[in-house]
Amino acid sequence: MEAALFTPTGSLANQLAIRMLVAPGEELLCETTSHIARAELGAAAVFSGITTRTWPSERGLLRADDPLAIAHPNAGPYLVSTTAIAIENTHNFGGGTVQSIDEIKRLRSESKKLGISLHLDGARIWNAHVATQVPLKDFGSHVDSISVCLSKGLGAPIGSLMVSTKDRVSRARVWRKRYGGGMRQVGILAAAGHYALDHNIPRLAIDHKHARQLAEACNRIAPQTVNPDTVQTNIVVLDLSDARVSASEFAAQAREKGVSLSALGPTVIRLVTHLDVNQEEIERASSILSELLDRAFVAQ
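Its first residue numbered 45, the sequence shown is counted upward by one per residue in the numbering used here.
Shown next as structure tokens:
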């Protein structure tokens with residue numbers, strides 16, 4: 045990696061990277077529940093004119109064979125050609141799943157033979173680094189571009205980066221302006237990002253510990269909702285399939301008691317820990333969630 049470009053959002057950072065790697069009419073592969081496929085409103089099709097095809101996985105976990113099995117490079121003139129694969133580390137909707145560096149290396153090796161580029165949605169790459177102790181440089185050395193987020197766990201007020209070669213970043217700067225993402229006097233935001241990078245990466249381990257505490261508290265009351273052993277970083281996903289309430293109803297009940305969480309569909313809840321939540325608040329949230337889960341699953 046040689047250069048980086050500041051963007052106001054992670055979605056824009058992803059879309060600029062995709063624009064640099066995939067030409068109109070070509071194909072990007074990504075996991076079915078990835079942020080690029082699920083939460084960027086079809087931007088790759090709207091802005092770049094490309095096709096997106098997906099592969100399914102459990103908790104977003106990368107197995108190199110999955111994208112390789114559906115990749116079709118140089119498939120013309122009648123079929124769309126795969127020119128890039130996007131992976132996500134950690135995987136947001138998978139519950140903060142950390143991707144194996146060995147699987148990333150294998151995917152890189154095999155995709156390179158096929159002439160297929162690799163993009164890493166690394167909005168939470170800092171969490172993957174802290175959880176595995178794999179150097180950040182190692183993650184970057186196996187892909188053609190990365191998006192990283194300076195807010196979320198790092199705590200900056202706003203901002204992401206699109207990271208790649210000098211040439212791609214130079215061209216992406218033009219597209220950032222076209223997309224309306226060119227900002228004036230942005231140095232004050234970049235300074236906050238610099239501070240976050242210099243000071244807030246090691247403390248992510250605290251967020252991981254807090255997430256595990258929440259998962260264990262929920263598991264004690266309703267074991268079917270979450271397996272604490274799958275909670276690797278700062279995200280906890282609760283399965284309310286067998287509950288007496290919907291995810292949105294559960295979220296509303298929690299909000300009334302001061303716990304903010306997200307409903308991802310009718311039966312899935314997402315909890316995210318971060319630097320603004322301390323140990324005392326985690327204990328209070330654990331108590332509230334235990335009470336609500338007892339009401340939703342156990343109490344008659």
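The beta carbon of each residue, even a glycine, is placed where N, CA and C say it ideally should be.
- Between the beta-carbon of Asn278 and that of Asp251 there is about 4 Å, and that keeps the pair under the 8 Å contact cut.
- Close CB contacts of Thr269 within its chain, under the 6 Å cut and outside five residues either way in sequence, are with Cys262, Leu282 and Asp283 (chain order).
- Cβ-Cβ distances below 8 Å link Ser304 to Ala298 in the same chain, with the five nearest sequence neighbours on each side left out; the list follows chain order.
- Taking the Cα positions, Val280 is about 31 Å away from Ser208.
- Taking the CA atoms as reference points, Ala255 sits about 23 Å from Ile202.
- Out of His318, Lys210, Ala235 and Ile313, the CA that lies nearest to the CA of Ile245 is found in His318.
- The DSSP assignment places 71-75 as complete runs of the beta strand (DSSP E) inside the region 53-97, in order along the chain (cut-off: 3 residues).
- Asn58 is classed as buried because its beta carbon has at least 16 other beta carbons within 10 Å across all chains shown.
- Sorting Gly309, Trp219, Asn171 and Gly184 by C-alpha distance to the C-alpha of Thr134 places Asn171 at the top.
- Gly224 counts as exposed, since fewer than 16 other C-beta atoms from the protein chains shown sit within 10 angstroms of its C-beta.
- In the three-state scheme derived from DSSP, where H, G and I count as helix and E and B as strand, His186 is classed as coil.
- The beta carbons of Leu56 and Ser204 sit closer together than 9 Å.
- Ala240: member of the alpha helix (DSSP H) spanning Gly231 to His243, first to last residue.
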